[in-house]
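Worksheet: one structure, shown below.
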Amino acid sequence: GCQRAATMYATSGSAARRLGSAARARTSLAPGRFQRWMLDVRVASFVHEYAAIYLCAGMETLLEEIALIASSSSTNAPITPATIDLAVANCADLWGLLQPYSHLNAGRIASGALSLS
Numbered sequence: 010g011c012q013r014a015a016t017m018y019a020t021s022g023s024a025a026r027r028l029g030s031a032a033r034a035r036t037s038l039a040p041g042r043f044q045r046w047m048l049d050v051r052v053a054s055f056v057h058e059y060a061a062i063y064l065c066a067g068m069e070t071l072l073e074e075i076a077l078i079a080s081s082s083s084t085n086a087p088i089t090p091a092t093i094d095l096a097v098a099n100c101a102d103l104w105g106l107l108q109p110y111s112h113l114n115a116g117r118i119a120s121g122a123l124s125l126s
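Heads up: the sequence shown begins at 10 in the numbering used here, then just goes up one per residue.
Shown next, in the form of structure tokens:
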């Protein structure tokens, strides 16, 4: 995942400098767009290219995991938004991760159960 992408990016030779960051890091998503987004929302005044590569590779891994879970729940059927929603709803870790940040203050655990202790 993330470490592989950073290593591939770092070990690219001088000929690979002409390639884009996605080709150098061997990711499907574009790290440059993640870097631009992080600068636009002012995560920091300076965002290192490796931060964008790690975020890009992490998001790619998360999307692959969601697709894997959604495809295993529906055999030989196309992956639709409904199957993705069902797969996320049935996985407490993914469900908790994909909630808006406001749920962190609501006294709920990843499965959605109320826990005010």
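We treat Cβ as the ideally placed atom computed from N, Cα and C, and that holds for glycine.
Assignment of Thr84 by DSSP, reduced to helix, strand and coil, places it in the coil class.
DSSP, reduced to helix, strand and coil, places Cys100 outside both helices and strands of the structure shown, so it counts as coil. Between Val56 and Met47, the C-beta spacing is below 8 Å.
Three or more beta-carbon pairs separated by less than 8 Å are not found between the region 72-84 and the region 49-64, which leaves the two stretches without contact.
With respect to the 8 Å criterion, Ala101 and Ser120 are classified as neighbours on the basis of their beta carbons.
Per DSSP, the continuous alpha helix (DSSP H) segment holding Leu48 begins and ends at Pro40 to Asp49. A straight line joining the alpha-carbon of Leu107 with that of Tyr63 spans about 18 Å. Out of Asn85, Arg42 and Val50, the CA that lies nearest to the CA of Cys65 is found in Arg42. With respect to the 8 Å criterion, Arg35 and Ala14 are classified as neighbours on the basis of their beta carbons.
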